[in-house]
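With this note's numbering as the guide, the letters of the sequence shown map in order to residues 2 to 261.
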Amino acid sequence: MTGSRTTDLHLSSAFLYGKGVFSTIAVFDGLPFLWEKHWRRLNSNAAAIGLDLSEFNENYVFERLRSEIRDSELSDGKARISFFDRAPSPMWSNPNGAPTIGLSIITRRRQSRNANLSLTVSPFPINSRSPLAGIKSCNYLENLLAIDDAHRRRFDEAVRVNERGEITSACLANIFWMCGGCLYTPALSTGCLPGTTREFILENLECMAGEFDIDELRVAESIFLASAGRGVVQVSEFEGRKLDTTTHQIMNLLPKSEFL
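See below:
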């Protein structure tokens with residue numbers, strides 16, 4: 002049988018190539034956290050990959066998000082907003098009319114986190130010169146393959162470096178560490194994602210952002226991972242080396258939940 006039938010969505014750039022952007026938003030007490038930062042990044046990321054979000058009013062999207070949170074009776078958890086290109090790919094069809102953008106909002110209750118988080122170094126580097134560097138696109142398979150590799154090696158997460166060997170982030174989170182009593186994190190120039198939780202931390206704590214070799218983590222006193230989906234979590238072990246888990250103020254910045 003040839004030429005099997007497909008729906009229009011199956012011919013879209015979103016389905017075929019992952020052309021879309023998303024943001025995961027923390028929900029505390031039924032309210033989305035850091036909404037303005039997420040909305041700003043969604044628009045910036047969409048523009049970077051050629052998605053026109055002008056038809057979506059911020060208030061409309063926010064109310065859709067609030068409605069989804071209410072309908073799912075979510076008090077403590079996370080929501081994901083995705084914008085994706087529904088227009089048929091010109092390589093597989095003959096598109097007619099103006100491009101259309103789809104909107105998807107899903108929610109999930111927060112899960113309890115691992116109290117003994119182990120970290121390794123991923124063998125898969127990030128290309129800081131890629132057009133997708135710093136973009137949270139729906140083409141997320143590389144991140145998932147990197148964390149799957151860490152899990153196969155019996156680690157919970159992995160640090161990814163760029164083509165110059167500089168620390169960028171974990172597979173699914175931004176990274177911070179303490180060394181000599183100072184807090185550090187990779188600069189955006191490394192290709193790391195400009196996470197909303199990362200931005201919030203930098204606004205509230207003294208922290209040096211820069212370009213650092215992976216060896217910096219081998220002498221770090223403490224390491225922390227930060228994302229909207231998991232909050233701020235402390236790493237207990239880096240490649241077999243036990244880390245200091247003394248409470249740091251970075252652990253107390255976010256609203257409290259029953260799981261944090």
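The beta carbon of each residue, even a glycine, is placed where N, CA and C say it ideally should be. If you're wondering where the values come from, they're calculated on a predicted model, not measured in any experiment.
Notebook entry, point to check: Considering only residues of the stretch 19-83, which uninterrupted beta strand (DSSP E) runs meet the minimum length of 3 residues and lie entirely inside it, listed in chain order?
Noted result: 21-29
Notebook entry, point to check: With distances taken from CA atoms, which of L75, P132, A15, K38 is nearest A49?
Noted result: Counting from 1 along the sequence shown, the entry for residue 49 is found at position 48. Nearest of L75, P132, A15, K38 to A49, Cα basis: P132.
Next item on the list: Check whether the Cβ atoms of C139 and F57 sit closer than 8 Å, and answer yes or no.
Entry: Taking the sequence shown and counting its residues from 1, the one referred to as residue 139 is at position 138. Taking the sequence shown and counting its residues from 1, the one referred to as residue 57 is at position 56. Contact flag unset, no.
Notebook entry, point to check: Can you name the start and end residues of the alpha helix (DSSP H) that R225 belongs to?
Noted result: As a working note, residue 225 is residue 224 in the sequence shown. Per the sequence shown, the amino acid found at residue 225 is Phe instead of Arg. Counting along the chain, F225 falls outside any alpha helix (DSSP H), though it belongs to the beta strand (DSSP E) covering 223-228.
Next item on the list: Determine the burial state of T248: buried for a count of at least 16 other Cβ atoms within 10 Å of its Cβ, exposed for fewer.
Entry: Position 247 of the sequence shown, counted from the first residue, corresponds to residue 248. Burial call: exposed.
Note to self: Looking at the secondary structure, which residues open and close the alpha helix (DSSP H) in which I202 lies?
What the structure shows: Locating residue 202 in the sequence shown gives position 201, counting from the first residue. From DSSP, the alpha helix (DSSP H) with I202 extends over 197-205.
Next item on the list: For L17, collect the residues of the same chain with a Cβ closer than 6 Å to its Cβ; drop the 5 residues on either side in sequence, then sort them by chain order.
Entry: Along the sequence shown, one-based indexing puts residue 17 at 16. S90.
Next item on the list: Answer yes if the stretch 232-244 comes into contact with the stretch 141-151, meaning at least three C-beta pairs across the two stretches below 8 Å, and no otherwise.
Entry: no
Checklist line | Option in E207, G21, C172, R161 with minimal Cα separation from I215 | finding: Start at 1 with the first residue of the sequence shown, and residue 215 comes out as number 214. I215 has its Cα closest to that of R161, out of E207, G21, C172, R161.
Next item on the list: Just list the beta strand (DSSP E) runs in the stretch 131-208, keeping only unbroken ones of 3 residues or longer that don't cross its boundaries, in chain order.
Entry: 158-162, 168-171, 175-180, 183-187
Next item on the list: Would you mind working out which of P195, A188, E217 sits nearest C208, comparing C-alpha positions?
Entry: Walking along the sequence shown from the start, residue 208 turns up at place 207. Ranking the options by Cα distance to C208, first place goes to A188.
Check: Is R81 closer than 8 Å to I102 when the C-beta atoms are compared?
Finding: Looking up residue 102 in the sequence shown gives position 101. Looking up residue 81 in the sequence shown gives position 80. Their beta carbons are not under 8 Å apart, which means I102 does not touch R81 by this criterion.
Checklist line | Simplified DSSP assignment, three categories, for A210 | finding: On the sequence shown, position 209 is the one that residue 210 refers to. Strand, per DSSP.
Check: Do A147 and A159 have their C-beta atoms within less than 8 Å of each other?
Finding: As a working note, residue 147 is residue 146 in the sequence shown. As a working note, residue 159 is residue 158 in the sequence shown. Yes, the Cβ-Cβ distance between A147 and A159 is below 8 Å.
Item checked: Coil, strand or helix - R110 by DSSP -> For this step, residue 110 is matched to residue 109 along the sequence shown. Reduced to three states, the DSSP call for R110 is strand.
Next item on the list: Can you say whether N117 is buried or exposed, counting buried as having 16 or more other CB atoms within 10 angstroms of its CB?
Entry: Here residue 117 corresponds to residue number 116 of the sequence shown, with the count starting at 1. Burial call: exposed.
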